[in-house]
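Quick note: to get this note's numbering, add 1 to the position in the sequence shown (first position is 1). Beta carbons: idealized from backbone N, C-alpha and C, even for Gly. Small disclaimer: the values here were computed from a predicted structure and weren't measured.
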Amino acid sequence: MMRITKKFAGAAAFCAVASLTLAACGGGGDGGTAQEPSEDNKPEQLTVAAWMDFPQELLDAFEEEHGIEVVVNSFPDGAAAQTVLRNGLSADGAGLSDVHLVELDWWTEMMAIPEDWVELPEIPDRWVDWKVTQGSVDGRITGYGTDIGPLGIAFNQNMTTAAGVATDPESLGEFVGGDDATWQSFLDAGREYVAANDNYFIDSLTNAFQAAINLLPAAFEDPESGLPYDLAENAEVKELFMMFADAAEDGVSAGIAIGHADWGAGFQNEQWATVVTPAWMTGIIAENADGIDGWRIASTFPDGGGNWGGSFFAVPATGENTEWAVTLADYLTSPDAAIDWFNTTGQFPSQLDAMESPEISEAENEFYGGQRVGQIYGELAAAAGDSAAGGFRGENFAGIQTLVTDGIRLVESGGATPEEAWASVVADFEALGFETAG
């Protein structure tokens with residue numbers, strides 16, 4: 002049975018989107034810029050909706066400083082949190098918390114009506130620039146950034162050593178293509194691995210495929226109109242799809258991604274040698290692979306790196322305690338808070354001071370053989386640069402990505418050839434009846 006915790010903010014990326022066509026409806030909020038909190042209107046309690054574990058000392062310190070108890074309205078995963086938020090925005094704020102955690106992939110949908118959210122004060126030099134851009138709508142900051150998900154490759158060096166392909170992180174990097182690694186060289190390395198072994202190269206190609214999609218400037222929607230592209234004519238996405246689907250047909254992957262009931266058992270049974278691993282996933286792997294030696298993080302990543310996941314704390318404008326809710330959102334995204342989360346859950350910070358803190362960059366991770374995981378992911382984030390922000394994400398990005406990624410799963414399961422899977426994806430897309438761009 003898979004053991005997967007709530008200790009991450011970016012993992013909503015693996016959750017299926019409930020609806021492609023339901024954008025956030027007007028909730029009656031009038032937006033506006035946050036005001037300074039006053040002792041006269043200080044509540045006894047603030048609520049925050051999220052699907053990750055909070056360091057208790059963080060909540061205790063806020064209560065000690067401000068005299069306000071923080072209650073976490075916890076959800077089992079990002080998909081459940083998304084549904085509650087969508088419903089609340091369409092019902093004049095009914096059922097919403099004072100602060101909400103909003104994941105990157107469904108950010109645009111939730112921010113479809115910016116006035117539903119309080120405009121947050123600028124905090125200069127706290128975050129990497131692209132994180133602030135992601136958390137803004139029409140120039141208004143509506144979300145304070147939490148983690149980011151720079152991408153690396155976790156691998157079991159005992160398995161790759163036994164296979165004769167890599168004995169350490171450096172040689173694994175060379176095996177998948179070195180400094181010039183591409184997705185094609187990575188997949189070809191997978192073919193070489195499985196040709197000589199009785200286990201799989203990777204858990205599932207869906208993570209890798211999503212990472213590749215995220216690097217496209219505008220994968221599914223036109224940035225000017227926001228309308229989806231006609232998927233049947235989307236040559237760039239089809240080319241990527243066929244590349245990964247061909248590798249799936251060649252048996253490179255086990256077809257068991259994070260979120261699958263057998264994912265944890267796959268680690269325990271050593272079914273695969275690599276996992277495409279955003280920073281937030283390192284702790285989840287350590288928990289699921291507990292007792293299995295040899296897992297390490299390579300510092301090479303195809304196409305120069307990227308980002309998967311990351312979230313924001315945002316304040317619904319309909320709340321009764323918006324001024325103090327902004328104070329809480331600020332507090333929960335401070336560099337000190339980011340360090341607490343890294344030490345507790347492994348989330349990699351978007352805050353500049355936290356990134357540079359020795360508590361992150363010099364921390365040795367026992368599970369990964371004493372590697373300085375924070376330093377490795379800091380270097381991966383730096384190597385990816387602004388491209389880590391990913392391309393344009395419109396209101397339907399997450400839903401269309403889910404459709405296309407499900408096509409890769411279909412091939413992995415043996416349910417279709419790559420050509421049949423692409424035709425099925427296109428048919429499902431066309432059934433939605435979108436008005437398309439161009």
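| task | Specify the secondary structure class of D41 as computed by DSSP and reduced to three states. | result | helix
Self-check item: V72 burial status per 10 Å Cβ neighbour count (16 or more: buried)
Solution: exposed
What are the boundary residues of the alpha helix (DSSP H) that R87 is part of? G79 to L90
**Item:** Rounded C-alpha distance that separates L188 from A248
**Value:** 6 Å
- Is the shortest distance between the beta-carbon of T283 and the beta-carbons of chain D less than 9 Å? Any reference to chain D falls outside this structure, which holds one protein chain only.
With three or more beta-carbon pairs closer than 8 Å as the criterion, would you say the region 205 to 222 touches the region 391 to 403?
yes
Per-residue DSSP class, three states only, for W423:
helix
Checklist line | For F314, the first and last residue of its enclosing beta strand (DSSP E) | finding: N308 to A315
Can you tell me whether N215 is helix, strand or coil according to DSSP? helix
### Query
For D180, which of helix, strand or coil comes out of DSSP?
helix
Tell me the DSSP secondary structure of D331 in three-state form.
helix
Query - Residues near L59 in its chain [Cβ-Cβ closer than 7 Å; skip 5 each side] - result: A338 and D341
- Query: Contact between the region 191 to 209 and the region 253 to 260: three or more CB pairs below 8 Å?
  - Reply: yes
Nearest-angstrom Cα distance between A164 and G144?
46 Å
Could you spell out the range, first to last residue, of the beta strand (DSSP E) harbouring H67? Unbroken run through H67 is the alpha helix (DSSP H), Q57 to H67; no beta strand (DSSP E).
Simplified DSSP state of R394, which is helix, strand or coil: coil
Could you tell me the alpha carbon to alpha carbon distance between E64 and E70, rounded to whole angstroms? 5 Å
What three-state label does DSSP hand G153 in the structure shown? strand
I'd like to check one pair, G310 with I149: are the Cβ atoms closer than 9 Å?
yes
_If the criterion is Cβ atoms closer than 9 Å, does the pair I154 and V277 meet it?_
yes
Checklist line | Bounding residues of the beta strand (DSSP E) (the contiguous stretch that carries Y201) | finding: Y201 to I203
Q | Nearest neighbour of N198, chosen from G136, W273, E250 and K132 [CA to CA] | A | W273
| said: Is W107 close to the ligand SAM? I mean its beta-carbon at under 8 Å from any heavy atom of the ligand. | reply: This structure simply doesn't include the ligand SAM, nor any ligand for that matter.
Could you check if A432 is buried or exposed, using at least 16 other CB atoms within 10 Å of its CB as the buried criterion? exposed
Q.
Measuring only the C-alpha atoms, how far is E104 from I203?
A. 26 Å
Q | 6 Å CB neighbourhood of D387 in its chain, flanking five on each side removed | A | W131
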